[in-house]
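> Provided herewith is a single structure, encoded as structure tokens, for subsequent inquiry.
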Amino acid sequence: MFFIVPSVNSSELDEITKAIKGKNARWSSKETPISKLMPDERKRRLGAIIPPITGKEKVVVVPETILPIRVDWRDYGGKRYVTSVKEQGDCGACWAFATSSALESSLLISRNLEGPVLDLSEQTAISCSGAGTCYSGLIDSASDFIRDTGLPDEGCYPYTFSDNSCSNACPDWQYNTYKISDWYRVE
-8 MFFIVPSVNS
2 SELDEITKAI
12 KGKNARWSSK
22 ETPISKLMPD
32 ERKRRLGAII
42 PPITGKEKVV
52 VVPETILPIR
62 VDWRDYGGKR
72 YVTSVKEQGD
82 CGACWAFATS
92 SALESSLLIS
102 RNLEGPVLDL
112 SEQTAISCSG
122 AGTCYSGLID
132 SASDFIRDTG
142 LPDEGCYPYT
152 FSDNSCSNAC
162 PDWQYNTYKI
172 SDWYRVE
């Protein structure tokens, strides 16, 4: 049996490379496991829903003049404030990975710890938060869940690449979570 693995569209890769050079960015593009996927397979992995602006959101307005030109949490003051890259598989749970990774980095920064010493449970966000599923989710709702309830360690409810019941999490997970005090949109 033979499988044909689609190759990245060379014109797409050329376009990305051109945009990188045009911005004088210090990174390069290449073929990846994601770029090898067919467009419909790639789309399944993009599950974040952009919520409409209601005017009730808490927004932080930061004047451009006080923002640094560049911030790289992978090497900030000689420390690494990010955790390792994770594979979401064929599940559109990017919203859960984005919010859990943001919490991990926030904890590393606030505790002045170097990564990757934290690995929080994305599956808890998917199965217990009500913020979304393997097909789509809301970062705002996931952020509210992290603020109000929190996320336990990955070992409490390891990622399953699917929608599962919250009852599969460890029994006392709500008492062993990491939380944020609040979150804001940045304008």
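So that you can map any letter, position 187 of the sequence shown is 178 in the numbering used here, and since no number is skipped, the others follow by simple counting. The beta carbon of each residue, even a glycine, is placed where N, CA and C say it ideally should be. Fair warning: this is a prediction, and the values are worked out from it, not measured in the lab.
1. Could you check what DSSP says for I44 in three-state terms: helix, strand or coil?
2. Within this structure, are the beta carbons of S153 and C119 separated by less than 8 Å?
3. Distance, Cα to Cα, G123 vs I117?
4. Quick check: what's the CA-CA separation for D173 versus D135?
5. Count the other C-beta atoms from every protein chain shown that fall within 10 angstroms of the C-beta of L179, then say buried if there are 16 or more, exposed otherwise.
6. Would you decide whether W18 is buried or exposed? Buried here means 16 or more other CB atoms lie within 10 Å of its CB.
7. Using a Cβ-Cβ cutoff of less than 7 Å, which residues in the same chain neighbour T151 once the five nearest sequence positions on both sides are dropped?
8. Can the beta-carbon of I130 be found closer than 8 Å to that of T90?
9. Alpha carbons only, please: which of V53, P143, D5 and K70 is nearest the one belonging to S112?
Reading from the atomic positions:
1. Looking at I44 - three-state DSSP - the assignment turns out to be coil, as it is neither helix nor strand.
2. Cβ atoms of S153 and C119: not closer than 8 Å.
3. Cα to Cα, G123 sits roughly 6 Å from I117.
4. Taking C-alpha positions only, D173 is separated from D135 by approximately 8 Å.
5. Outside the modelled stretch of the chain, which goes from -8 to 178, sits residue 179, for which no answer is possible.
6. By the 10 Å Cβ count, W18 comes out exposed.
7. The residues are Q114.
8. The answer is yes: Cβ separation under 8 Å.
9. Per the Cα distances, P143.
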